[in-house]
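Participant:
Chains as they are written, first to last, in my numbering: chain C, 342 to 400; chain S, 3 to 233; chain H, 550 to 1059.
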């Protein structure tokens, strides 16, 4: 969604990070989803396996 | 001898009167062993429904090894443990892929190690029901949902009991028979539908189950869906 | 006994870790508890706190739990730590029974129509997640700082190509279609559009407009570095363009520190082309003459006053004179009573409020030291040991590692306020209390407690500004009364508070 559409439609937010911001959005009835964010997998051979399984992008 | 009178039961527990031995008691669940060695359970909460279980209004104090009689005559059916549900919708794929991430946890590394041959996970991993068993059951549900053959996993029913805890072995047997716990069935229903709030709710109920059991189960389900060739 | 345990393969955000540490410290016998992800910086911090950390096999994705416990059975404390991490005791049950996605992709299955990613992750992860979000077609509000300028440029160039905007890094405040994001005040919606390169700068303008019954439709944050020449004002200019094209917006305000010359040129051009009246507020800038549709201010309240005058179709010059007259009255209020001490200390939670206050104060008293001073040579060696006249911004990085932002958790600043109050050389203490979303439930209470507990024969004079609207959840009247109940002089704007506080000292110096 372009910036213009964001301004016209109002925010619909994915929150990555502090929960507080997400809760404040809910209070304002802004559609929002919070992400319990986890960092990308550590590189061990087991984790490489997991990455393959999930089809993670190689960055 | 104590006689107990549940008020509702799962479809698959229909012996009208049975004599059972108490195996393990919890606050809201009692696991029993039937004459034929199967697990049956008495429950206080509907959300804990399993194959061969029944809801009862109150649980008396029971002791391990005690023999009791459970009377199911004219008791209504309340839960169908058979998983005859449509497969999950592909739009939820990015969500279930996240559950594979549960295997990143240090304690579950032993499962990740065996992922190329999941049947080797039986009996492995932390928890009073080993997490590997939970993984297998989730995996078996995924097979069921996607029309895959559970025999692909070379699991020999007959040697199960020797490989893992009794409760777990029963759980895996039930899964091989296409029967699952209520939490899992509710999630499967949600994944076949369009209500994301429901999916998040039902997933949450499984994540909080046990220490790592629920997470291992979800990882198994996710793995099974990914391996199914459907998505 | 001090011990460290390592938990591998688990990530926790710093707020959770900080709160768990707080819970552990409540347990009797626990002298210290620290939970940190094992980054190099954090390992040093933990070692400095006396914990032995062997960093041979550690990575920044490992968690260090450090506990200092008197007596036997320290293992139980580590168990408690792990259980708090798994089931945070401060959280309400219901909310957390639900599963929350752990990735952006997962989140997009839950809210496929998302149009904005609000990112407040640690800087080392923030840029990558921001790029992922942009690639999925989301605009980004990047609250995180510690994002390199190269990353910022890459993100903004990508956004520009794809018709998206990046607000930030270090963007703490935005209002979009009347909805507040991050730290923001509840204000009426209206016909004003604001672009700002600063968080509390936007908040102050919004608050001052709200006092004059004016509403804001959009307030777009751009982060402080956007107007540097290397970034080129990408977000600032894009925001101006959109505000210009919005038929519901009648006046545009542009707020921030002075931009690089070529960026300034573009900003002015684009405001002139907008067809709307604009008010510029580049704080610390030289004063300039108003042009046809461009009005120049250098202070936040002044900016709101000029916007208000334009909105009423009134005389801007008159409005400015009126404001100056009111400021003169404010300086007059400082003549009462005997001052004990010689120095002014400013204790702030809002970076821009601190900046503006210093800027105003320095025309009355000099020099003013600080941790975010107006000039490099005025930087304090130790921000916890201010000298002379000093202004401290407690929202700066040095104070927010392992601590919540002072707007969210007032306790640390309140401790410092007490310390400064008991310093006999301190005559006047100036501080801000910021209300609105993101801020603590009762921000004045810790400060008021601190003031009550001060042990000194003649206490310093306290001057404060409450930056809030009458719609903010913290109840602005209650906050004001609470402060006034311990003798704090509460002013109507950041500028007025700074003028009053500085005048107490400048009168003394004469």
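Here a beta-carbon is modelled for each residue, glycine too, at the ideal position from N, C-alpha and C.
1) For residue 360/C, does the three-state DSSP call read helix, strand or coil?
2) Between residue 698/H and residue 779/H, is the Cβ-Cβ spacing less than 9 Å?
3) Just checking: is the beta-carbon of residue 141/S within a distance shorter than 9 Å of some beta-carbon in chain H?
4) With distance defined between alpha-carbon atoms, name the residue in 1046/H, 941/H, 1018/H, 899/H nearest to residue 917/H.
5) Does any C-beta atom of chain H lie closer than 9 Å to the C-beta of residue 127/S?
6) At a cut of 8 Å, does the stretch 114 to 133 of chain S reach the stretch 142 to 152 of chain S through at least three beta carbon pairs?
7) Under 7 Å Cβ-Cβ, which residues of chain H neighbour residue 361/C?
8) Do residue 690/H and residue 750/H come within 9 Å of each other at the CB atom, strictly closer than that value?
9) Interface residues of chain S around residue 569/H at Cβ under 9 Å?
10) For residue 1061/H and residue 225/S, what's the separation of their Cα atoms in angstroms?
11) In three-state terms, what does DSSP make of residue 191/S?
12) Okay, do the stretch 630 to 638 of chain H and the stretch 981 to 993 of chain H touch, 3+ Cβ pairs below 8 Å being the bar?
13) Ordered along the chain, which non-local residues of its own chain (more than five positions away) have a Cβ less than 7 Å from that of residue 967/H?
14) Does residue 677/H have its Cβ less than 9 Å from a Cβ in chain S?
15) Bridge partners for residue 5/S per DSSP, in chain order?
16) Check the Cβ of residue 379/C against every Cβ in chain H and list those closer than 7 Å, keeping chain order.
17) Return the residues of the stretch 703 to 735 of chain H that lie within a Cβ-Cβ distance of less than 7 Å from chain C, sorted by chain order.
18) Quick one: any contact between the stretch 125 to 140 of chain S and the stretch 215 to 231 of chain S, if contact means 3 or more CB pairs under 8 Å?
19) Can you list, in chain order, the residues of the stretch 74 to 95 of chain S whose Cβ is nearer than 9 Å to any Cβ on chain H?
20) List the residues of chain H whose Cβ lies closer than 8 Å to the Cβ of residue 147/S, in chain order.
21) Going along the chain, which unbroken runs of the beta strand (DSSP E) with 3 or more residues stay wholly within the stretch 826 to 913 of chain H?
22) Start and end of the beta strand (DSSP E) containing residue 803/H?
23) When you compare only the Cα positions, how much space is there between residue 575/H and residue 692/H?
24) What do you reckon, is the C-beta of residue 92/S under 8 Å from a heavy atom of the ligand SAH?
25) Do we get a CB-CB distance below 9 Å when we pair residue 662/H with the residues of chain C?
26) Going by C-alpha distance, which of 720/H, 563/H, 846/H is nearest residue 900/H?
27) Determine which residues of the stretch 189 to 214 of chain S have a Cβ less than 7 Å from any Cβ of chain H, and write them out in chain order.
28) Between residue 144/S and residue 342/C, what straight-line distance do the alpha-carbon atoms span, to the nearest angstrom?
29) Any C-beta of chain S sitting closer than 9 Å to the C-beta of residue 657/H?
30) Does DSSP classify residue 614/H as helix, strand or coil?
31) In terms of residue numbering, what span does the alpha helix (DSSP H) encompassing residue 785/H cover?
32) Can you confirm whether residue 99/S, when its beta carbon is compared against all beta carbons of chain H, has any partner nearer than 9 Å?
33) Alpha carbon to alpha carbon, how far is residue 374/C from residue 93/S? Give it in angstroms, no decimals.
34) Which runs of the beta strand (DSSP E) at least 3 residues long sit entirely within the stretch 572 to 610 of chain H? Give them in chain order.
35) With distances taken between CB atoms, is the gap from residue 75/S to residue 19/S smaller than 9 Å?
36) Could you list which residues in chain C have their beta carbon closer than 7 Å to that of residue 686/H, in chain order?
Facilitator: Walking through what the data contain:
1) helix
2) yes
3) no
4) 941/H
5) no
6) no
7) 957, 987
8) no
9) The premise fails here: residue 569/H is roughly 18 Å from chain S at the closest Cβ pair, so nothing lies under 9 Å.
10) Lying before the first or after the last residue shown, residue 1061/H is absent from chain H, which here runs from 550 to 1059.
11) helix
12) no
13) 999, 1002, 1003
14) no
15) 71/S
16) 560, 651
17) 712, 713, 714, 725, 726, 728, 729, 730, 731
18) yes
19) 93, 94, 95
20) Within 8 Å Cβ-Cβ: nothing; residue 147/S doesn't reach chain H, min ~18 Å.
21) 826 to 831, 843 to 846, 892 to 897
22) 800 to 805
23) 31 Å
24) No copy of the ligand SAH appears in this structure; indeed no ligand is present at all.
25) yes
26) 720/H
27) 198, 202, 203, 205, 206, 207, 209, 210
28) 35 Å
29) yes
30) strand
31) 783 to 794
32) yes
33) 17 Å
34) 579 to 586
35) yes
36) 342
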